[in-house]
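Asker: Chains as they are written, first to last, in the numbering used here: chain A, 30 to 354; chain B, 5 to 544; chain C, 842 to 1119; chain D, 275 to 798. Take this structure, written in structure tokens, and hold onto it; I'll ask about it next.
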């Protein structure tokens, strides 16, 4: 099977998944109590039946459910994710506005956690049984068991408030009007805390996985072959053990992409990071259905895309896949 | 055979003792073993599983598992004691002075590296040759081990090669730096006979060409007879006998060696009573089974595992289904039980058309055809007692548990175990004993037909002989028809009345065993027979 | 007995077990230790730990005894952890078993279904579900169960898939055992060990998930849980650190203990897999 | 007689109002020009078009962009804004507003009487739930007299009329942009055009809203500030930290947890004020659903009132902010009377009353208000109070729409709520007690279902009585009745303190506070 077939196969599958997600979300949210009209009216501090009716007609909430679904699916096919009457903007615009921030945050967290996790896991495996292994293993257990929001709060207080090393909230220094490199540095500065906090749990996960995987591969026959050639332990462990051990970690990492987006909801909320995780939570609280569905859809699409990407990486890293699939 | 004169030995192992960790079943993996190999000589270390033969090889290479520690003795390579070397010095010895080939060609190469890179590494590790030379040398090596199109193969990944090709790559790699000693740890055990014959031949050629000494580890006396200059027999970590190949094979001194040799099945089929012509108990007509690899787009790949296979089996008869891996013999065996659903064809048990039965009817009639499996460790549920395992069948067909258990006790005695085994769990038994339990399970349903799928392949030779005898006895007693699926022509020769040879899903030749062995008609049968190792010594 | 020996060889597992036993003991003894409702305002608000002997861990924003909340919270957190794990096992095990055993189209369909659930950001799904069903014990447990089952299904399917081709299962087919019987007597008993290990780890994840939900204000308002306590105290972290510190610590320790014990169980139940420890 | 009295008083008022700016401008220091102020806004406003949306955050930001005819000082006296002066006819039925001269919209078009008539007669009549009942039931006609004069004629005297021109209740909308369009779908909603001192420069969703000085503002020399950033930080603790780290200068009311108020207000260079909420005077209470069994029993409700430790609620839950109310009308607004039956925390008496009422241990569902941690804590404390008095309580948590739905469909036993008094009992208070307002679909209606013809009558009198004295008389009576019957259990007159750096001056200058915009604010 060549690359094109593989890609088109995965894309068709991805589209099916997205269709199912769209369907699920639609009915899930419709099952919720209260409709957007009530929310709007409620928050306005005053409401009467006429206002509610006006709002419902606006939202198409007076249409039969199936009609609403049909309109919704038709729109999605053309990437029209609906219109947020609450924010008076097309949902796609809202999501696209926020998407870069989330991609930056989750991307940074992903890279940090994967890089750190792989290195830590590999180190631990090479020193299996020694104190550095115990230290790394213990550390990753600690990260693994600590609530994300707790770490977020603690680090906010310690590094931002007490030590003043990094800004506590936000995406960039507002009103500073930096441009170019200065702006990039400023954003990077703001990114440190949220991305590390978000990445810690996954660092732990990947480190544990990498360690186990390294130890398993270390027992493989071809490692014995490599040692029999007279290769040094460092080369054996880098070229033979690590290269094979990293493959299942990459697979896991791909699967974890969805969790990363989920974790972003917490992180973005605590750190006031203007990404889609927060947009999603806000939309949920406000019952802004079209936005919520749009964000769900886009983040799922992100995950699907990400999975395809990791599959692709996996394919490039592991020549066997072509034969197996 | 090479000239094994009194040259200075390449390797001499003196009083080697290897300690096992505290909780192991014995104290030493190897005890007080002394061996030596002269240049250009092939020394075979023979022993059954657990005898410690592989440990010696690993000790020489300095690749012992962490838990196993050398406790005494010396391993001298050209006079230098390897046990006293530190890791860095040992690293230099590996590959340059000693090369090694392993048993599993499928897993011994790094799956994510190109072949040439894996060979390059050997030079790189020892800082030999310039980059450009490495490439030329790699190609030369690949050519020398007889690989087709070496330039293309060098760029390939291991999974693109067959098992035999991979083992050739391993040999090329082991010989890359022209070491004085080559250690081959069961290098052909995982290969088909025809491939095995080729590899053995290659090894012998290379040895003669380069004068490399070979330490060959094996359990297979056929292979030993084929390749050994000298033989060392290992039992439970102790060296029981050592001598030239001729001495040991024709005139064994130690009981254990004698027993082992006696257990090697002969290629000459024994005289068997003629089968009384009767209505066939099992008849298979035009059986077909195609495996399709599904893929989302593009054409599916097809493998014909059974292609118009037809045969019959009479009461009391044993039909051998023989072939190499991938020939479809196991598929056919399983189709007969409908463990695998055939795509087409007809399977009849007496008058019953088994292949037409619906699910529940099939379940009713399953008891008439039973199976003995290959792996004695995987074929018994580790969480059930032996009694339960044997009685489950009758219980599924309506017998009360109590009666079934009583019957299980009888059956255990029939297969040579004690009746009180019913309360024990499979892990308390040895491989041979488990296989007996497996046979008892099959017999519990009083079947007409037994399908034995490589039933003795996973067993050591001595155990193998016992199980074969048991199967023969039971067949005579109960008049069973047996479909015996095996890759081992020696075993087939001993137990089968008739043999069907399979190649790529088709039966290419069928005939009475004696006739077929004496005058094979089909080219493939001929090739198979010619490839059986040690044919000259054991058999003809 | 071998089991305990193997378990005890892992020092971490012993520590984990000890912590776990302590937590369970607190949970069981809660009504004896603190017969009053943990919601009761019993003292001045914001009393630091040990400021009064009566309140070893101090009081919270409303003057409730944190120690009382901790022991009562242990019950709730453990209960939510265990029950929601059972829920996800109840979904995941049958689904995985059927997929693994049936194979073919059924397997494909069920695995697509599982993959689908894995693709959805699970925490977001939990938020949606709890919000829609209203934050109550039942909905929280259900939501956690529903987002946690895919790994169970995958594990069980993988195990069943490999067990299904084991020869003893084939033997069970040839002797004519019925499919449900094969699944229940031949296959599932052999998947129990990994399920137990996974289950112990999942209880930890469930406790974490519950605390995250509570943190966002999606906890059951009538139950004193650790997650609730952290959430309720987080705004006072700077000047009354103890309010969320102790429950946070309790969550951390319990999850840690479950993980340690889980690893120990893994070593004890799958001795062959416990490599790299020599 | 009466008419002339009113006229005289109004004349005096007008005169005073005209002078009102003098003392303000002459305050201790001369305002400094320029500067940037960072303010938090929470949650992010859904939109800034104040005519279409009056959420708290919308008002907070949009109050700088839009203006109304009037403002109100801390005593709730009307002040000029877009209306330079006004006159009320002796029969209290005709209101004539004179507009400021030289006012332009942010797009440069002149602001005229046409805009005012369009806004009040068409736009707000169609979309504004607060203005609609007034304009539909009380107003006869809204007419343009000339380009700078507008006349509103009432059907009958309506005391609260003069209080209704606050910016959130009646923001002026540009006719040239909205007339003849579908208001809610008008693309201009994203680029709000007002007459206010600041203009919208950029709205980075999820991050900040950037307002800049309106250079052509009609009031010469104003505003003082160059720009305002409204920072969107969703987590309360993060907002507090943002203030501490200097990222924001102003924490508007309710934007940080009450517990943080005390701590933050002690920081150096930090000022705190509870002013600026006189117009809204938020009043918090529990609504018993009198339709539900025992809750219809007055004795039981009184028992509940005695059982609740309201002082604990204020001192511990709300950090000491606010005042215990005595009845339906806030002591901060007009027409308050303290001559009512009083309730103090008395668990023994509570138990007695509850027992006497025939309560049999049924579970009372307490619907929590999903507006943050503090409300949850309050629910928990009250639940405990009630349980101590022997009442079984179960808290129900939900999100905002869930609450709205349950509250407006009467699906609760006890419901937390807080309502704005809107400067006048006729608009802000009566709605929760009169039987004509028992209607499903509005959580701010009379959702508890209390009905008393006497109360209905007194509220009607209060609204239409021509003099304040007469109005006071009606309201005093009604307060007495309600405090005895307890259709709702009043818990707190809430304070929402604004915390800011002391070098931000003139931040809160009216009874509407920050929502009236930063027109006068300046930074030292």
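C-beta atoms are modelled at their ideal positions from N, C-alpha and C, and glycine is treated no differently.
Interface residues of chain A around residue 95 (chain B) at Cβ under 7 angstroms?
Answerer: 259 and 261
Asker: Considering only the beta carbon of each residue, do residue 719 (chain D) and residue 198 (chain A) sit closer than 7 angstroms?
Answerer: no
Asker: Does the distance from the C-beta atom of residue 320 (chain A) to that of residue 113 (chain A) stay below 7 angstroms?
Answerer: yes
Asker: Of all the residues that make up the segment 886-901 of chain C, which are near chain A by a beta-carbon distance shorter than 8 angstroms?
Answerer: Nothing from the segment 886-901 of chain C brings a Cβ to less than 8 angstroms from some Cβ of chain A.
Asker: Please return the same chain residues whose Cβ sits closer than 7 angstroms to the Cβ of residue 289 (chain B), not counting the five positions on each side in sequence.
Answerer: 314, 349 and 350
Asker: Considering just the uninterrupted stretch of the beta strand (DSSP E) at residue 74 (chain B), what are its terminal residues?
Answerer: 73-81
Asker: So, is the C-beta of residue 208 (chain A) closer than 7 angstroms to a C-beta in chain C?
Answerer: no
Asker: So which of D:476, D:481 and D:781 has the shortest CA-CA distance to residue 523 (chain D)?
Answerer: D:781
Asker: Taking the beta strand (DSSP E) that residue 1009 (chain C) falls in, what are its first and last residues?
Answerer: Careful: residue 1009 (chain C) lies outside any beta strand (DSSP E), inside the alpha helix (DSSP H) at 1008-1015.
Asker: So residue 854 (chain C) contacts chain A; which residues on that side make the cut at Cβ distance below 7 angstroms?
Answerer: Against chain A, a Cβ distance below 7 angstroms from residue 854 (chain C) picks out nothing, because the smallest value is about 12 angstroms.
Asker: Do you know how far the Cα of residue 934 (chain C) is from the Cα of residue 904 (chain C)?
Answerer: 45 angstroms
Asker: Residues in the same chain with beta-carbon distance under 8 angstroms from residue 576 (chain D), minus the five sequence neighbours each way, listed in chain order, please.
Answerer: 617, 627 and 760
Asker: Would you call the CB atoms of residue 83 (chain B) and residue 19 (chain B) closer than 7 angstroms?
Answerer: no
Asker: Cβ closer than 9 angstroms: which chain C residues qualify as neighbours of residue 300 (chain A)?
Answerer: Within 9 angstroms Cβ-Cβ: nothing; residue 300 (chain A) doesn't reach chain C, min ~14 angstroms.
Asker: May I ask you to list the residues that DSSP assigns as paired with residue 23 (chain B)?
Answerer: B:32 and B:73
Asker: Using the Cα positions of residue 297 (chain D) and residue 654 (chain D), report the straight-line distance between them to the nearest angstrom.
Answerer: Below a pLDDT of 50, predicted positions are generally treated as unreliable, and residue 297 (chain D), at 40, falls in that range; the measurement from the model is reported next regardless. Rounded to the nearest angstrom, the two C-alpha atoms are 47 angstroms apart.
Asker: If you draw a straight line from the C-alpha of residue 914 (chain C) to the C-alpha of residue 1065 (chain C), how long is it?
Answerer: 5 angstroms
Asker: By the criterion of Cβ-Cβ separation under 7 angstroms, what are the contact partners of residue 197 (chain A) in chain D?
Answerer: 512, 515, 516 and 519
Asker: With a CB to CB cut of under 6 angstroms and the five nearest residues on each side skipped, what residues in its chain are close to residue 620 (chain D)?
Answerer: Closer than 6 angstroms at Cβ, skipping near neighbours: 580.
Asker: Should residue 495 (chain D) go down as buried or exposed, given a rule of 16 or more other Cβ atoms within 10 Å for buried?
Answerer: exposed
Asker: Helix, strand or coil: which one does DSSP assign to residue 795 (chain D)?
Answerer: coil
Asker: Just the C-alpha distance for residue 727 (chain D) and residue 734 (chain D), rounded to the nearest angstrom, thanks.
Answerer: 11 angstroms
Asker: Counting only beta-carbon atoms, is residue 98 (chain B) nearer than 7 angstroms to chain A?
Answerer: yes
Asker: Could you tell me whether any Cβ in chain B is nearer than 7 angstroms to the Cβ of residue 56 (chain A)?
Answerer: no
Asker: How far does the alpha helix (DSSP H) with residue 913 (chain C) in it extend, from its first residue to its last?
Answerer: Here the alpha helix (DSSP H) through residue 913 (chain C) covers 907-943.
Asker: Could you check which residue in C:990, C:883 and C:1072 has the C-alpha nearest to that of residue 937 (chain C)?
Answerer: C:990
Asker: Once DSSP output is grouped into helix, strand and coil, what is the label at residue 277 (chain A)?
Answerer: helix
Asker: Pull up the DSSP beta-bridge partners for residue 472 (chain D), would you.
Answerer: D:487
Asker: Please list the terminal residues of the continuous alpha helix (DSSP H) segment that includes residue 250 (chain B).
Answerer: 249-254
Asker: Show which residues of chain A have a CB atom less than 8 angstroms away from the CB atom of residue 74 (chain B).
Answerer: Chain A residues near residue 74 (chain B): none, gap ~17 angstroms exceeds 8 angstroms.
Asker: Hey, out of B:47, B:337 and B:136, whose CA is closest to residue 293 (chain B)'s CA?
Answerer: B:337
Asker: Identify the continuous beta strand (DSSP E) that holds residue 639 (chain D) and give its terminal residues.
Answerer: 638-641
Asker: Would you call residue 304 (chain D) buried or exposed, if buried means 16 or more other Cβ atoms sit within 10 Å of its Cβ?
Answerer: Burial call: exposed.
Asker: Could you check which residue in D:516, D:562, D:321 and D:498 has the C-alpha nearest to that of residue 685 (chain D)?
Answerer: It is D:562 whose Cα lies nearest to the Cα of residue 685 (chain D).
Asker: With burial defined as no fewer than 16 other Cβ atoms inside 10 Å of the residue's Cβ, what is the status of residue 789 (chain D): buried or exposed?
Answerer: buried
Asker: Between which two residues does the alpha helix (DSSP H) holding residue 733 (chain D) run?
Answerer: Where residue 733 (chain D) is concerned, the enclosing alpha helix (DSSP H) stretches over 727-738.
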